[in-house]
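Enquirer: This is the structure I want to talk about, given as structure tokens.
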Amino acid sequence: MNRLLLKWIGTLLILIWFLVTLWLHDLATVTEPNEFTFATVLSSCTGTFGFELGRQIHSLIIKRTLDTHIFVGSSLLDMYAKAGRIHEAREVFESLLERDVVSCTAIISGYAQLGLDAEALELFRRLNLEGMSSNYVTYASVLTALSGLAALDLGKQVHNHVLRCKLPFYVVLQNSLIDMYSKCGNLIYSRRIFDNMPERTVISWNAMLVGYSKHGMGREVVELYKLMRNENKIKPDSVTLLGVLSGCSHGGMENVGLEIFEEMVNGKDGVKPDIEHYGCVVDLLGRAGRVEEAFEFIKKMPFEPTAALWGSLLGACKVHSNIDIGEFVGHRLLEIEPENAGNYVILSNLYASTGRWEDVRMVRDLMLKKAVKKEPGRSWIEVDQTLHSFHAIDRSHPRREEVFAKMKELSIKFKEAGYVPDLSCVLHDVDEEQKEKILLGHSEKLALTFGLISTSERAPLRVIKNLRTCVDCHNFAKFVSKIYMREVYLRDKNRFHHISMGVCSCGDYW
């Protein structure tokens, strides 16, 4: 907290000095500030207060016709990007008379940091064709975007480009490669890079730990954590322990996770648990079906429960059909976060799973009244280095007729092989035939089906979804893998599923 305060005071003093300098200049007592002065001061304009002053300085820059200067422009677009004002940053970028690696990297990084991965990638492609030079920071930003898109083939291309350019392998670039490969489903490459690093930071360890965690590989998480402690070169930090606890949760190792948490409470690694670590324990217990225990754990916490923590418990209540605790938690969440559509959806789904359709309608009416909208399901698949996007019941794709025809064929073939649609995944009060139709329109099924008709035999299928995948889509993916002998990689909002010959790495525990 003291460091943050000192940094804020330092920024304020710099800005005050600059504004006084401008005032004195108006009195003709000092030299006029130049492009280097403005560029330096803009780098200090962070946070809400700093950003507002930065906007005022931008007006002064325009008056002095310095806004198209490369140093000033790079600092301006960086300021806007860091404030989340990417459209303003792009306007500044496009107005530059000339661009260098700093300005190009700043705008690409701005898109990537805001999760606008497709836009970051598209801009990188365009600038690359225009002859942009790239450095290790540029490539690290692009790899961040590719991680979000799970675009493995493109990620390999960028990696090869880095090798051909013979760029120095800075730790930050290697960390980005570890993260990219793990989020694209290739942990073998991630671990190879990790093992060959001449120097590792705590971020390197954390990237590898989180990679294993997202894949549900709890044992590998714990083994790597033990190796980190035994090497005794780098101390675990708060993020390390979050990755370990999350790995235990996703890997069904709740007792090991509880032991590690107890060690934290006793100060073994010098990292005291905060609210996020307590949230991991709630998630760990909830996934294991120990919902009542998780509820009691929350009551005894030394922190006030957050909405995220209650949300984790509500999700567990839905999965394990604990209507009593779920109803209490759901209504508590609606009080805390009345604008969060996810809370309404989970509570509605909980009621629907027990056939309480009147309560379902009540929750949906409440959503309408408060103008809260549910985020639609969306899935992506990369084919021939192009990302194809699908929404539920999507009919916008140019090859939609082929996709739906193939989907009907798959439905028949899979049923003959033993696939039974899980109608409990349809949370609408309609007949069974209609429920089956709804299930066939789920976005990840559309993406998988498109992959089958668009790729060569035995080619792996890699699908990413913005929400948690449902049980039926998970089963469907297993049949795709088994019958067509395909490797299927399915990454949803929470974790990664690697399915081979009909068997998933998650062990049907997610």
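UniProt numbering puts the sequence shown at residues 1 to 510. Even for Gly, the Cβ is constructed at its ideal location relative to N, Cα and C. Computed from a prediction, not measured in an experiment: that's the story for all the values here.
1) Assuming W380 is part of the beta strand (DSSP E), what are its boundary residues?
2) In terms of residue numbering, what span does the beta strand (DSSP E) encompassing T386 cover?
3) Report the rounded CA-to-CA distance for G270 versus L309, giving the unit in angstroms.
4) What do you get for N343, buried or exposed, if any count of 16 or more other CB atoms within 10 angstroms of its CB means buried?
5) Can you tell me whether C425 is helix, strand or coil according to DSSP?
6) Please name the residue, chosen from M407, C425, R458, that lies closest to K445 on a Cα-to-Cα basis.
7) Could you pull the DSSP bridge partners for H498 from this structure?
8) Can you list the alpha helix (DSSP H) stretches of 4 or more residues lying completely in the segment 131 to 206, in chain order?
9) How many Å lie between S411 and L333 at the Cα?
10) According to the neighbour-count rule (16 or more other Cβ atoms, all chains shown, within 10 Å of its Cβ), is Y509 buried or exposed?
11) Between the Cα of C470 and those of C425, F261, E358, spot the shortest distance and give me the residue it belongs to.
12) What do you get for M362, buried or exposed, if any count of 16 or more other CB atoms within 10 angstroms of its CB means buried?
13) Using alpha carbons as the reference points, say which of F404, A405, L440 lies closest to Y419.
14) Kindly give me the distance between the Cβ atoms of I346 and G315, rounded to whole angstroms, as I take these residues to be in contact under 8 Å.
15) For a test of the three-state rule: what should DSSP assign to K465, helix, strand or coil?
16) Can you tell me whether residue 511 is buried or exposed? The criterion is at least 16 other CB atoms within 10 Å of its CB, across all chains shown.
17) With a cut-off of 8 Å, do at least 3 Cβ pairs link the segment 241 to 259 to the segment 291 to 301?
18) Kindly indicate which three-state DSSP category T29 falls into: helix, strand or coil?
19) Could you pull the start and end residues of the alpha helix (DSSP H) that T306 belongs to?
20) Examine the Cβ distances between the segment 472 to 483 and the segment 453 to 460 and report whether three or more of them are shorter than 8 Å.
21) Given that a residue counts as buried once 16 or more other Cβ atoms are within 10 Å of its Cβ, and exposed if not, what is V430?
22) Looking only at DSSP bridge pairs, what is C504 linked to?
23) With DSSP collapsed to three states, give me the class of G54.
24) For the candidate residues V202, Y225, G211, E199, whose alpha-carbon lies nearest to that of Y189?
25) Are at least three pairs of beta-carbons, each pair with one atom in the segment 349 to 359 and one in the segment 376 to 389, less than 8 Å apart?
Expert: Looking at the coordinates:
1) 378 to 383
2) 386 to 391
3) 24 Å
4) buried
5) helix
6) M407
7) Y489
8) 136 to 149, 152 to 165, 171 to 183, 187 to 195
9) 38 Å
10) exposed
11) C425
12) exposed
13) L440
14) 6 Å
15) strand
16) The structure shown does not extend to residue 511, since the chain spans only 1 to 510, so no value can be given for it.
17) no
18) Bear in mind that a pLDDT of 47 at T29, under 50, signals an unreliable position, so the number given afterwards is only what the model happens to contain. DSSP places T29 in coil when its eight states are reduced to three.
19) Note, T306: premise wrong, no alpha helix (DSSP H); not H, not E.
20) no
21) exposed
22) I499
23) helix
24) G211
25) no
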